[in-house]
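To start, the structure under review is shown below, and the notes come after it.
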Amino acid sequence: MSTQPTVSRESLQGKSREDLLAMATAIGAAIPARATKAALINSIAGSAESSAPVTDNPPKTRAVRSRRTVATPPDDFDSLINEFTADAEVAARETPTPTPPPTSGERVPREGSSSSSPTSEEPREDSRSADRPPRSAGAPNTNRQNREFSNDQGGRKSRNRRNRNGRERFGEQLPNADQPYSGELVEVEGLLDLRDDGYGFLRTRGYHASSSDVYVSINMVRRYHLRKGDSVKGAFRPAASNEKYPALLRVDAVAGFDPEVARLRPRFEDLTPLFPDEKLRLESETKSELTPRIVDLLAPIGKGQRGLIVSPPKAGKTTIMKQIAQSIEANNPEVHLIVLLVDERPEEVTDMRRSVSGEVVASTFDRPADEHTHAAELVIERAKRLVEQGRDVVIILDGITRLARAYNLAAPATGRIMSGGVDSGALYPPKKFFGAARNIEEGGSLTILATALVETGSKMDEVIFEEFKGTGNMELKLDRRLAERRLFPAIDVNGSSTRHEELLFAREALPQVWRLRRVLNGLSNEGREAAGLELLIDKLKTTRSNDEFLAEIAKGPAPTS
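Each residue of the sequence shown is one higher than the last, beginning at 11 in the numbering used here.
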């Protein structure tokens, strides 16, 4: 029996425009430009009505063909419609739910991976062969968007992780000191060097970083109230294979005291400063050096003094500084002496270490400016911790000019440049260093003697000296003209003095010192500075002590004005 294939418009109305467009393309129907759904239905229905006449033979069964078929005979409209309907239902059932953006630590599966494992083993949850629908050519790349989203959200987190606790900074892979450890601990003792981020290191070989340093976590610092410059004794665990430093796990003593007792120490900033009232005697009975005796007479040094040794180049300041350090060690054994050499020549460092038995901290001129400033900061913090314990500390710095130059290079620029190219912010740290010198009412003192360069021909050095000129309460001035005449020590006897020297001299010796001052001042006013120094040196050579020299002055006639 012959039948005419029909296409129901009602069945076409239930299909989407995309399905209708595919059907029209498959049967070769005429498709208007930008055809609407109604126009597509009319085209498909019109093509069905104009199909070939019906024959007596029934239509042969045909295999289902792909959507990509370019042309379909007009006698298979019902089969074509059924095919598209079945495809739509299968696609609706097999469409997976959208995968949310991957969280931090998850891997985004690659496109084109198979949906099943090639082996009989069960796939893991994080397998890269997860099922996903194929991405069309015009669809956005969701994986790329997810990565960009993750990078955008995690960028700040990554930066915070890099900055958190200063980890990974300067190539330091810091250990986790909070993880449990059951092995044997190793005893250690060193100086605590705290970073701005709160963690720190125990410097076991002096004041500079070394391979044997021990990491101190933030929790350990907070638990025991540790301060920068503390002498800490404890135990550490060895570093793991992926760590650069071992980690401190136990604190036995802080500054020689029990940790619970050490936390009760007063802070240096809360102590009361006073004028120096106890003299550091430099004159030695066993040595015949004249420099300590002249300093004792013209510019005495007290405990808590803030002194400047003002010197032009090649005037003998290093020799004078070394003799002062040796005299302090010999006559004042209770004093803790620290010699700080900044931007110094290596041979000078070796000579100072062989001449002084106290601590010598040096950063030679071939080291970066950051190392100069770091050594100075750790030294001053170490001195403050000793003063908090009631100790007397003396720091001899060579020199304050070089330290200010180092801060001018290392410190962040403020944009306010002074004369000579000195950044205004670069002078604050060395001023803070120099201003820490003081005599403490509650006990202890911090004395700082620093050298300052003048007459170097550098405007920067001149500006630095002018900034520090009024901050000290003692000044020992050297004269280049005396050094050129080979008069050593080349001390300017008229330009060297100490503020409130009456607190340092004995009451019976003070009038004789003032009489000596008047004689030397009279010679200086006549333009005979060298004659005054020569007179003083000759008189000191004839006596064995300053007391004997002052007694000779008391016997002589009073000078006329």
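Cβ atoms here follow ideal geometry from the backbone N, Cα and C, with glycine treated the same way.
Computed from a predicted structure; not experimentally measured.
Mapping DSSP to helix, strand and coil, what is residue i?
{"i": "V473", "result": "helix"}
{"i": "V464", "result": "coil"}
{"i": "F278", "result": "helix"}
{"i": "K487", "result": "strand"}
{"i": "G425", "result": "coil"}
{"i": "R145", "result": "Its pLDDT being 49, under 50, R145 is placed unreliably by the model, and nothing is read from it."}
{"i": "I390", "result": "helix"}
{"i": "P499", "result": "coil"}
{"i": "R44", "result": "coil"}
{"i": "D268", "result": "coil"}
{"i": "D66", "result": "Note that D66 has pLDDT 44, beneath the 50 cutoff, so the model's placement of it is unreliable and the number below is only indicative. Note: D66 maps to coil in three-state DSSP."}
Can the beta-carbon of residue i be found closer than 9 Å to that of residue j?
{"i": "L488", "j": "I547", "result": "no"}
{"i": "F285", "j": "N483", "result": "yes"}
{"i": "K254", "j": "G210", "result": "no"}
{"i": "A460", "j": "G317", "result": "yes"}
{"i": "V464", "j": "S321", "result": "yes"}
{"i": "A263", "j": "G244", "result": "yes"}
{"i": "K289", "j": "P302", "result": "no"}
{"i": "E451", "j": "P283", "result": "yes"}
{"i": "A575", "j": "A379", "result": "The first residue shown for the chain is 11 and the last is 571, placing residue 575 beyond what the model contains."}
{"i": "A540", "j": "R495", "result": "yes"}
{"i": "M428", "j": "V359", "result": "no"}
{"i": "A500", "j": "L513", "result": "no"}
For residue i, which residues of its own chain have a beta-carbon under 6 Å away from its beta-carbon, when the five flanking residues on both sides are left out?
{"i": "E369", "result": "I348"}
{"i": "V371", "result": "Y217, L350, A385, V389"}
{"i": "I319", "result": "K327, T461, L486"}
{"i": "R291", "result": "N341"}
{"i": "V305", "result": "L292"}
{"i": "E477", "result": "L437"}
{"i": "R27", "result": "K47"}
{"i": "L560", "result": "A519, Q522"}
{"i": "F375", "result": "D353"}
{"i": "T35", "result": "none"}
{"i": "L204", "result": "G210, K238"}
Exposed or buried, residue i, counting other C-beta atoms within 10 Å across all chains shown (16 or more means buried)?
{"i": "R179", "result": "Its pLDDT being 43, under 50, R179 is placed unreliably in this model, and the value from its coordinates should be taken loosely. Exposed, because fewer than 16 other Cβ atoms sit within 10 Å of the Cβ of R179."}
{"i": "K332", "result": "buried"}
{"i": "P390", "result": "In the sequence under discussion, the amino acid at residue 390 is Ile, which differs from the Pro named in the question. Result: buried."}
{"i": "T411", "result": "buried"}
{"i": "P521", "result": "exposed"}
{"i": "R213", "result": "buried"}
{"i": "S222", "result": "exposed"}
{"i": "N556", "result": "buried"}
{"i": "T508", "result": "buried"}
{"i": "R643", "result": "Look at the range of the chain in this structure, 11 to 571, and you will see that residue 643 is not part of it."}
Which residue comes first and which comes last in the alpha helix (DSSP H) that contains residue i?
{"i": "I450", "result": "Careful: I450 lies outside any alpha helix (DSSP H), inside the beta strand (DSSP E) at 448 to 450."}
{"i": "F246", "result": "Element bounds for F246: not the alpha helix (DSSP H) but the beta strand (DSSP E), 241 to 247."}
{"i": "Y234", "result": "228 to 234"}
{"i": "F515", "result": "F515 -> no alpha helix (DSSP H), and no H or E assigned at all."}
{"i": "I410", "result": "410 to 420"}
Residues in the same chain with beta-carbon distance under 8 Å from residue i, minus the five sequence neighbours each way, listed in chain order, please.
{"i": "K565", "result": "none"}
{"i": "S367", "result": "E339"}
{"i": "G431", "result": "N418, K469, M470"}
{"i": "Y191", "result": "R247, L259"}
{"i": "Q23", "result": "I51"}
Counting along the chain, where does the beta strand (DSSP E) carrying residue i start and finish?
{"i": "G453", "result": "Careful: G453 lies outside any beta strand (DSSP E) and carries neither H nor E."}
{"i": "L6", "result": "Past the boundaries of the shown model lies residue 6; the chain is included only from 11 to 571, so the question cannot be answered."}
{"i": "F211", "result": "210 to 213"}
{"i": "A329", "result": "Looking at the sequence provided, one finds Thr at residue 329 rather than Ala. That residue, T329, is in no beta strand (DSSP E); its alpha helix (DSSP H) goes 327 to 341."}
Quick one: residues in its chain with C-beta nearer than 7 Å to the C-beta of residue i, no 5 flanking neighbours on either side, listed in chain order?
{"i": "S365", "result": "K332, Q336"}
{"i": "K313", "result": "P286, E288, L290, D402, N449, S455, T457"}
{"i": "A393", "result": "I348, V403, I405, L456"}
{"i": "E299", "result": "Q333"}
{"i": "T296", "result": "none"}
{"i": "G445", "result": "T481"}
Beta-carbon of residue i versus every beta-carbon of chain D: anything under 9 Å?
{"i": "R395", "result": "Absent here is chain D; the protein component of the structure consists of one chain."}
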